[in-house]
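Notes follow once the structure below has been shown.
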Amino acid sequence: LAKTTQPISMDSYEGQEVNITCSHNNIATNDYITWYQQFPSQGPRFIIQGYKTKVTNEVASLFIPADRKSSTLSLPRVSLSDTAVYYCLVGAKSYNQGGKLIFGQGTELSVKP
Amino acid sequence: DTAVSQTPKYLVTQMGNDKSIKCEQNLGHDTMYWYKQDSKKFLKIMFSYNNKELIINETVPNRFSPKSPDKAHLNLHINSLELGDSAVYFCASSPLVWREPDNEQFFGPGTRLTVL
Numbered sequence: 001l002a003k004t005t006q007p008i009s010m011d012s013y014e015g016q017e018v019n020i021t022c023s024h025n026n027i028a029t030n031d032y033i034t035w036y037q038q039f040p041s042q043g044p045r046f047i048i049q050g051y052k053t054k055v056t057n058e059v060a061s062l063f064i065p066a067d068r069k070s071s072t073l074s075l076p077r078v079s080l081s082d083t084a085v086y087y088c089l090v091g092a093k094s095y096n097q098g099g100k101l102i103f104g105q106g107t108e109l110s111v112k113p
Numbered sequence: 001d002t003a004v005s006q007t008p009k010y011l012v013t014q015m016g017n018d019k020s021i022k023c024e025q026n027l028g029h030d031t032m033y034w035y036k037q038d039s040k041k042f043l044k045i046m047f048s049y050n051n052k053e054l055i056i057n058e059t060v061p062n063r064f065s066p067k068s069p070d071k072a073h074l075n076l077h078i079n080s081l082e083l084g085d086s087a088v089y090f091c092a093s094s095p096l097v098w099r100e101p102d103n104e105q106f107f108g109p110g111t112r113l114t115v116l
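From first to last, the protein sequence lines stand for chains S and U.
Numbering follows my numbering, with no gaps: position 107 of the first sequence is 107.
Numbering follows my numbering, with no gaps: position 113 of the second sequence is 113.
Here is the structure:
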């Protein structure tokens with residue numbers, strides 16, 4: 001089972017780009033990389049998912065190198081409302097394909113004015 | 001309008017009691033989950049049901065018993081509550097079809113359980 005490692009916390013300022021890197025050295029061939037965001041007293045919320053190279057949506061970008069042993073979540077121009085815990089998740093898309101979803105310990109991002 | 005709802009939001013009870021947490025999703029999803037988040041923010045999956053069938057049962061004490069009366073509901077019953085059961089419990093759902101491009105999970109607001 002792929003295990004993930006992320007920084008426990010990060011600080012940033014409004015308007016800056018934030019990059020959070022996750023290590024997953026034992027990622028399997030059919031594993032996808034997913035990131036979730038969690039605000040205090042709320043459930044996690046899906047941000048982005050990818051398999052390789054780069055994925056971009058309206059919220060973030062996900063960079064995955066060729067060896068897929070790590071991934072970087074990039075948040076452009078963060079605001080105070082981006083203060084949250086960000087989880088890196090590695091696992092098969094579907095349990096029909098086998099594998100399990102395992103959340104990392106999360107990175108607590110604090111955005112300051 | 002709530003996609004995944006849980007009741008109650010807060011639950012305070014004494015050791016040894018039996019309690020239930022209810023979860024409902026109106027997204028038409030096939031799969032539902034229960035997660036436990038401890039004080040250190042670790043989020044661990046406990047159970048997963050696909051169309052009322054149990055497909056994941058992690059190493060969870062058998063005091064915890066999920067029940068799915070239909071695919072829109074997944075309730076969690078806990079017998080003989082212990083201090084270590086104190087945590088936030090999240091219900092989630094997803095469209096578990098392998099052809100889907102993204103198997104996004106939608107989480108409920110959580111139930112904070114405190115065992116005294």
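Note that CB positions come from ideal geometry on N, CA and C, so glycine has one too.
Which of helix, strand or coil DSSP assigns to residue i
i	result
VAL85 (chain S)	strand
LEU83 (chain U)	helix
PRO101 (chain U)	Note on PRO101 (chain U): pLDDT 49, under 50, position unreliable in the model; the coordinate value appears next. The answer is coil: DSSP assigns PRO101 (chain U) none of H, G, I, E or B.
LEU76 (chain U)	strand
LEU80 (chain S)	helix
ASP11 (chain S)	strand
Outcome for residue i when other beta-carbon atoms lying within 10 angstroms are tallied against a minimum of 16
i	result
GLN36 (chain U)	Looking at the sequence itself, residue 36 (chain U) is Lys, so the reference to Gln does not match. Looking at its Cβ environment, which holds 16 or more other Cβ atoms inside 10 Å, LYS36 (chain U) is buried.
ARG68 (chain S)	buried
ALA3 (chain U)	exposed
GLU24 (chain U)	buried
TYR87 (chain S)	buried
Beta-bridge pairing of residue i - partner residues as DSSP gives them
i	result
GLY91 (chain S)	S:TYR32
THR21 (chain S)	S:THR72
HIS29 (chain U)	HIS29 (chain U) is not bridged to any residue.
ASP70 (chain U)	U:HIS73
ARG63 (chain U)	Its beta-bridge partners do not exist; DSSP assigns none.
Residue i CB to nearest heavy atom of the ligand ZN below 7 Å
i	result
THR114 (chain U)	Judged by which ligands are present, the structure shown has none, so any question about the ligand ZN falls away.
Task: Near-chain S residues of the region 49-67 of chain U (beta-carbon distance less than 9 Å), N- to C-terminal order - done: ASN50, ILE55, ILE56 and GLU58
TODO: Pair every Cβ in the region 7-22 of chain U with every Cβ in the region 72-86 of chain U, then say whether three or more of these pairs are closer than 8 Å.
DONE: yes
Open item on the list: Would you call the region 72-82 of chain S in contact with the region 8-17 of chain S, where contact means no fewer than 3 C-beta pairs closer than 8 Å?
Closed with: yes
Task: Residues in the region 25-43 of chain S having any Cβ partner in chain U nearer than 9 Å - done: TYR32, THR34, TYR36, GLN38, SER41, GLN42 and GLY43
- [ ] Mind checking the region 44-73 of chain S against chain U and listing, in chain order, the residues whose C-beta falls within less than 8 Å of any C-beta there?
- [x] PRO44, ARG45, PHE46 and GLN49
Task: Cβ contact check for the region 51-66 of chain S and the region 18-34 of chain S: 3 or more pairs under 8 Å - done: yes
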